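J.: The listed protein sequences derive, respectively, from chains L and E. At position 185 of the first sequence (counting the first as 1) the number is 176 in this note's numbering, and the numbers step up by one without a gap. At position 244 of the second sequence (counting the first as 1) the number is 235 in this note's numbering, and the numbers step up by one without a gap. We put the beta carbon where it would ideally sit given N, CA and C, even for glycine. For clarity, every value in this text was computed on a predicted model and none was experimentally measured. Quick one: this structure, given as structure tokens, is what I'll be asking you about.
Protein chains: 2
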Amino acid sequence: MVTIKDVALRCGYSITTVSKALNDYSDISNKTKAKILKLCDEMGYVPNLSARSLVTQKSYTIGIIFEEVTGIGLQHPLFSKVLESFKNHVEAQGYDIMFLSRNMGKENGSYLQHSKRKQVEAILVLCGEFNSNEMIDLYKSSIPTVVIDYNFPKVTNVTSNNKKGVTEAVKYLADLGHTKIAHIYGGLYLEIGRQRKEYFEQAMKKFNLELHEEFMVSGAFFSKDDGYNAMKELLSLEVQPTAIFCASDMLAIGAIQAINEAGKNVPDDYSIVGFDGIDIGQLIHPRLSTIKQDTEKMGKVAAIQLLTQINDKINRRIDETIEVDTFMIHGESTKVLK
Amino acid sequence: MVTIKDVALRCGYSITTVSKALNDYSDISNKTKAKILKLCDEMGYVPNLSARSLVTQKSYTIGIIFEEVTGIGLQHPLFSKVLESFKNHVEAQGYDIMFLSRNMGKENGSYLQHSKRKQVEAILVLCGEFNSNEMIDLYKSSIPTVVIDYNFPKVTNVTSNNKKGVTEAVKYLADLGHTKIAHIYGGLYLEIGRQRKEYFEQAMKKFNLELHEEFMVSGAFFSKDDGYNAMKELLSLEVQPTAIFCASDMLAIGAIQAINEAGKNVPDDYSIVGFDGIDIGQLIHPRLSTIKQDTEKMGKVAAIQLLTQINDKINRRIDETIEVDTFMIHGESTKVLK
DNA sequence: AATTAGTTCGAAAACGATATCGCATATTTT
DNA sequence: AAAATATGCGATATCGTTTTCGAACTAATT
Chain L
-8 MVTIKDVALR CGYSITTVSK ALNDYSDISN KTKAKILKLC DEMGYVPNLS
42 ARSLVTQKSY TIGIIFEEVT GIGLQHPLFS KVLESFKNHV EAQGYDIMFL
92 SRNMGKENGS YLQHSKRKQV EAILVLCGEF NSNEMIDLYK SSIPTVVIDY
142 NFPKVTNVTS NNKKGVTEAV KYLADLGHTK IAHIYGGLYL EIGRQRKEYF
192 EQAMKKFNLE LHEEFMVSGA FFSKDDGYNA MKELLSLEVQ PTAIFCASDM
242 LAIGAIQAIN EAGKNVPDDY SIVGFDGIDI GQLIHPRLST IKQDTEKMGK
292 VAAIQLLTQI NDKINRRIDE TIEVDTFMIH GESTKVLK
Chain E
-8 MVTIKDVALR CGYSITTVSK ALNDYSDISN KTKAKILKLC DEMGYVPNLS
42 ARSLVTQKSY TIGIIFEEVT GIGLQHPLFS KVLESFKNHV EAQGYDIMFL
92 SRNMGKENGS YLQHSKRKQV EAILVLCGEF NSNEMIDLYK SSIPTVVIDY
142 NFPKVTNVTS NNKKGVTEAV KYLADLGHTK IAHIYGGLYL EIGRQRKEYF
192 EQAMKKFNLE LHEEFMVSGA FFSKDDGYNA MKELLSLEVQ PTAIFCASDM
242 LAIGAIQAIN EAGKNVPDDY SIVGFDGIDI GQLIHPRLST IKQDTEKMGK
292 VAAIQLLTQI NDKINRRIDE TIEVDTFMIH GESTKVLK
């Protein structure tokens, strides 16, 4: 490895001067600066960030906590998009992203420990056990943190405007003439699960639609199987709904499958609206009508927030929930009530 | 931040002794070791890895190069799975993974520079411009590197057994009675594109099937749209194939869409076999028959290779291509020729 | 000519850890 | 009792940087 010392020795200047050339100091002549930079290039010198961060306290890395409960991990169609967008935005500012695990060398440790150890400057929590003690320690620490889809005092939360989205979905179905609208809700262990369920109920009331108890079924983990099973439950009812609003696209896809298996059709027999706007929804037949989350913007907003907090000398936590607008995708899974 | 010095001051021992307690040195009594460790815990001391790596030369980070040309990035259904598996395996050994970009602070630089800068111990190349000068510099460097799906002298290459997979696909269609088999091949700019096309031709010969020039159409970037367009081309032919082998599942999905739009049916009119075994393939209707790549194993093998190279004192490059077996998924997109 | 001001550079002290080696003290062996 | 050997600990150098501050030199001002 070629170090700054090697460069200094070779060009005759001191280490200090070489460092100054590299860091755009003003007290160095343009001539020597040029000479030094040229030599650095020739010798293939690359600064050692470990050494640098030791004194500057800047690591130019942002930690990502991405702990997927259901096990799909990185392929999570929504979070991976948010992450992609986030990644692009922070990389443009010279930051790299690093996944934080709980393993540290031989031992294990908390995310907070791991973050300190690796000197990350900020943390993005994409998913995880949001309200575990470990996470709470993290929120309370001095490391800038942004959380997606979870609200905690003094921690910036980036989320979709679920109220607007859910309301729009219900209004859309109502406008198509549907009155008997069911809801397959996602896991209430998540804030978004609870929210979407609540906003659904509010929207039904708002549009003067009757809310049937048996039309509310659980799609535990937002998964396809959960949607399939929930729809089976709905199919067994005496009074049938004519439309179903699902708290996620995967739930919707599962529901459609159950409907097909029962010999019924979407959208002829049931209109289906999903939530998320994942790619798969537009690949299946019928193309899903759904509320799309603006993942690109969510990632961007999260990036901006974190970068601001990093550069903020006072390092204050911005205590706010930033809601990103959703928009509706008009697919083929919905139809005017005959 | 609480440093080792703080701990030393507080417990009365020297910095050296505290360090020894933390690193399982033998020349320290169990009693003082226990005392020190307890204090470390109480004070919330976490070692600074930047400082440590400065002297030990170990960063416990592995760099990932994931440069998706088509722009879908992280959501790439195949690479994200390989990465997920890789991540889990290296994390179990205490390593974290970090995405390498070309941005470094204000300036830009090559991947190699970036790797040196951040002191990554090894690199996994998932996708990128495999044969760019920049990449070649990387391969030639002393940093342990594993590349997925690309072959370069002295660099370990982890890939699927494409020959076996393609042959199995063709055999499967042949066994169903198909003789007029078309191939929508993927971009020949990629090794896997070239390979699968070649192996297809070989397999056709092997099973004594006639190879029609016009049955070979390009699906440039393996995407759905490319498959759609390629199938349109096939549909315009006078003599129609009865089966199509597609170099990727996305190509297959696009092809099916084109077939449906033409008022034809899969598998009644055309049997379709894809390649990859991505999740979406099993969510659409009809469920795709396809050659599944063992992404879990590919990630695992890549991890083992890299960890071995890291721990190898001689740091030799293992010059070999490791092929991971594929296996067939029997879906609903194929049928006996009527 | 003397002072001031501006420029360009370098010595040395951090930053937070590990590694080497030497020095006591305690324990065993002769 | 002396010598040899363990055992437990610490002083110090080192890793590769940045940063502070002062020195030296040059140019401008009085």
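Comparing the C-beta of N333 of chain L with each C-beta of chain E, is any distance below 8 angstroms?
T.: With chain L running from -8 to 329 in the structure shown, residue 333 of chain L is simply not present.
J.: What is the rounded straight-line gap between the Cα of Q66 of chain L and the Cα of K22 of chain E?
T.: Position 75 of the first sequence, counted from the start, is the residue given in the question as residue 66 of chain L. Position 31 of the second sequence, counted from the start, is the residue given in the question as residue 22 of chain E. When rounded, the distance between both Cα atoms is 48 angstroms.
J.: Between which two residues does the beta strand (DSSP E) harbouring F90 of chain L extend?
T.: Taking the first sequence and counting its residues from 1, one reaches residue 90 of chain L at position 99. Where F90 of chain L is concerned, the enclosing beta strand (DSSP E) stretches over D87 to F90.
J.: Should the stretch 25 to 45 of chain E be called in touch with the stretch 91 to 110 of chain L, which here means at least 3 C-beta pairs below 8 angstroms?
T.: Counting Cβ pairs under 8 angstroms, three or more are found: they touch.
J.: To the nearest angstrom, report how far apart F220 of chain L and H276 of chain L are at their CA atoms.
T.: Here the question's residue 220 of chain L lines up with position 229 in the first sequence. Here the question's residue 276 of chain L lines up with position 285 in the first sequence. For clarity, residue 220 of chain L is Asn in the given sequence; the question names Phe instead. Those two C-alpha atoms are separated by around 20 angstroms.
J.: In the structure shown, what three-state DSSP assignment does K215 of chain L receive?
T.: As a working note, residue 215 of chain L is residue 224 in the first sequence. The answer is helix: DSSP assigns K215 of chain L an H, G or I state.
J.: Would a check of beta-carbon distances place H276 of chain L closer than 8 angstroms to chain E?
T.: Position 285 of the first sequence, counting from 1, holds the residue named residue 276 of chain L. For H276 of chain L, the answer is yes, since a Cβ of chain E falls inside 8 angstroms of its Cβ.
J.: Looking at T147 of chain L and Q284 of chain L, is the spacing between their C-beta atoms short of 8 angstroms?
T.: Position 293 of the first sequence, counting from 1, holds the residue named residue 284 of chain L. Position 156 of the first sequence, counting from 1, holds the residue named residue 147 of chain L. The answer is no: Cβ separation not under 8 angstroms.
J.: Across the stretch 159 to 173 of chain L and the stretch 224 to 234 of chain L, are there enough close Cβ pairs to call them in contact, namely three or more that are closer than 8 angstroms?
T.: In short, these stretches touch, since the Cβ pair count reaches three.
J.: Going by the beta-carbon positions, is the gap between D140 of chain L and E182 of chain L smaller than 8 angstroms?
T.: The residue given as residue 140 of chain L occupies position 149 in the first sequence. The residue given as residue 182 of chain L occupies position 191 in the first sequence. Yes, the pair counts as a contact, with Cβ atoms nearer than the cut-off.
J.: At a CB-CB cut-off below 7 angstroms, which residues of chain L make contact with F90 of chain E?
T.: Start at 1 with the first residue of the second sequence, and residue 90 of chain E comes out as number 99. In chain order: K78, D87 and I88.
J.: Listing by chain order, which chain L residues have their CB less than 7 angstroms from the CB of I271 of chain E?
T.: Residue mapping note: residue 271 of chain E aligns to position 280 of the second sequence, counting from 1. The contacting residues are I271 and L274.
J.: Hey, which unbroken runs of the beta strand (DSSP E) at 3 residues or more fall wholly within the stretch 232 to 264 of chain E?
T.: Qualifying beta strand (DSSP E) stretches, in chain order: 234 to 237.
J.: By DSSP, does E314 of chain E sit in helix, in strand, or in coil?
T.: As a working note, residue 314 of chain E is residue 323 in the second sequence. The answer is strand: DSSP assigns E314 of chain E an E or B state.
J.: What's the C-alpha gap between T269 of chain E and F191 of chain L?
T.: As a first step, residue 269 of chain E is located in the second sequence; it is residue number 278 there, counting from the start. As a first step, residue 191 of chain L is located in the first sequence; it is residue number 200 there, counting from the start. The sequence shown places Ile at residue 269 of chain E, not Thr. So the two alpha carbons sit approximately 33 angstroms from each other.
J.: Checking contacts by CB at 8 angstroms: is I244 of chain L closer than that to chain E?
T.: Numbered from its first residue, the first sequence carries residue 244 of chain L at position 253. So yes, I244 of chain L belongs to the interface.
J.: For a contact meaning CB atoms closer than 8 angstroms, what does Q334 of chain L contact in chain E?
T.: The structure shown does not extend to residue 334 of chain L, since chain L spans only -8 to 329, so no value can be given for it.
J.: Interface residues of chain L around Q104 of chain E at Cβ under 9 angstroms?
T.: The count along the second sequence starts at 1 and reaches residue 104 of chain E at position 113. Chain L residues near Q104 of chain E: G35 and V37.
J.: Taking CB distances under 8 angstroms as the criterion, tell me whether E82 of chain L reaches chain E.
T.: Working through the first sequence from its first residue, we reach residue 82 of chain L at position 91. Taking Cβ atoms only, chain E reaches closer than 8 angstroms to E82 of chain L, which makes this a yes.
J.: Among the candidates L:E252, L:V208, L:G85 and L:I127, whose CA atom is the shortest distance from the CA of P144 of chain L?
T.: To locate residue 144 of chain L, count along the first sequence from 1; it is residue 153. For the residues L:E252, L:V208, L:G85 and L:I127, the minimum Cα distance to P144 of chain L belongs to L:I127.
J.: What are the residues that DSSP puts in a beta bridge with Y163 of chain L?
T.: To locate residue 163 of chain L, count along the first sequence from 1; it is residue 172. None; Y163 of chain L has no bridge partner.
J.: Check whether the Cβ atoms of K215 of chain L and A249 of chain L lie closer than 8 angstroms to each other.
T.: As a position in the first sequence, residue 215 of chain L is number 224, starting the count at 1. As a position in the first sequence, residue 249 of chain L is number 258, starting the count at 1. Against a cut-off of 8 angstroms, the Cβ pair of A249 of chain L and K215 of chain L comes out as no contact.
J.: Any Cβ of chain L within less than 8 angstroms of the Cβ of S44 of chain E?
T.: Numbered from 1 along the second sequence, position 53 holds the residue referred to as residue 44 of chain E. Output row for S44 of chain E: interface = yes.
J.: Kindly indicate the opening and closing residues of the beta strand (DSSP E) around K283 of chain L.
T.: Indexing the first sequence from 1 puts residue 283 of chain L at position 292. Start and end: S280 to K283.
J.: Check the Cβ-Cβ distances between T325 of chain L and every residue of chain E, and say whether any is below 8 angstroms.
T.: In the first sequence, counting from the first residue as 1, residue 325 of chain L sits at position 334. Not an interface residue.
J.: So, are the CB atoms of P135 of chain E and I301 of chain E less than 8 angstroms apart?
T.: Taking the first residue of the second sequence as 1, we reach residue 135 of chain E at position 144. Taking the first residue of the second sequence as 1, we reach residue 301 of chain E at position 310. Their beta carbons are under 8 angstroms apart, which means P135 of chain E touches I301 of chain E by this criterion.
J.: So, are the CB atoms of I55 of chain L and L117 of chain L less than 8 angstroms apart?
T.: In the first sequence, the residue the question calls residue 55 of chain L occupies position 64. In the first sequence, the residue the question calls residue 117 of chain L occupies position 126. Yes.
J.: Determine the contact status of F206 of chain L and G177 of chain L, defining contact as a CB-CB distance below 8 angstroms.
T.: In the first sequence, the residue the question calls residue 206 of chain L occupies position 215. In the first sequence, the residue the question calls residue 177 of chain L occupies position 186. Not in contact: F206 of chain L and G177 of chain L (Cβ atoms no closer than 8 angstroms).
J.: Rounded to a whole number of angstroms, what is the C-alpha to C-alpha distance between K291 of chain L and A165 of chain E?
T.: Mapped onto the first sequence, residue 291 of chain L falls at position 300. Mapped onto the second sequence, residue 165 of chain E falls at position 174. Answer to the nearest angstrom: the Cα atoms are 50 angstroms apart.
J.: Looking at the secondary structure, which residues open and close the alpha helix (DSSP H) in which I6 of chain E lies?
T.: Locating residue 6 of chain E in the second sequence gives position 15, counting from the first residue. Counting along the chain, the alpha helix (DSSP H) containing I6 of chain E begins and ends at I6 to L13.
J.: Straight-line CA distance for N256 of chain L to R278 of chain E?
T.: Sequence index remark: in the first sequence, residue 256 of chain L carries index 265 (1-based). Sequence index remark: in the second sequence, residue 278 of chain E carries index 287 (1-based). The straight-line gap from Cα to Cα measures roughly 18 angstroms.
J.: Would you mind listing the beta strand (DSSP E) stretches within the stretch 17 to 101 of chain L that are 3+ residues and don't spill past its ends, in chain order?
T.: Runs of the beta strand (DSSP E) inside the stretch 17 to 101 of chain L: 52 to 57 and 87 to 90.
J.: Kindly list the residues whose CB is nearer than 7 angstroms to the CB of L30 of chain E, restricted to its own chain and excluding five residues on each side of it in sequence; keep chain order.
T.: By 1-based counting over the second sequence, the position of residue 30 of chain E is 39. Excluding positions up to five away in sequence, the list reads V(-2), R1 and C2.
J.: Within 10 angstroms of its Cβ, does S76 of chain L collect 16 or more other Cβ (buried), or is it exposed?
T.: Within the first sequence, the letter at position 85 stands for residue 76 of chain L. S76 of chain L is buried by the Cβ-count criterion.
J.: Does the beta-carbon of A160 of chain E, which I'm using as the reference point, lie nearer than 7 angstroms to any heavy atom of the ligand SAM?
T.: The ligand SAM is absent from the structure shown, which contains no ligands of any kind.
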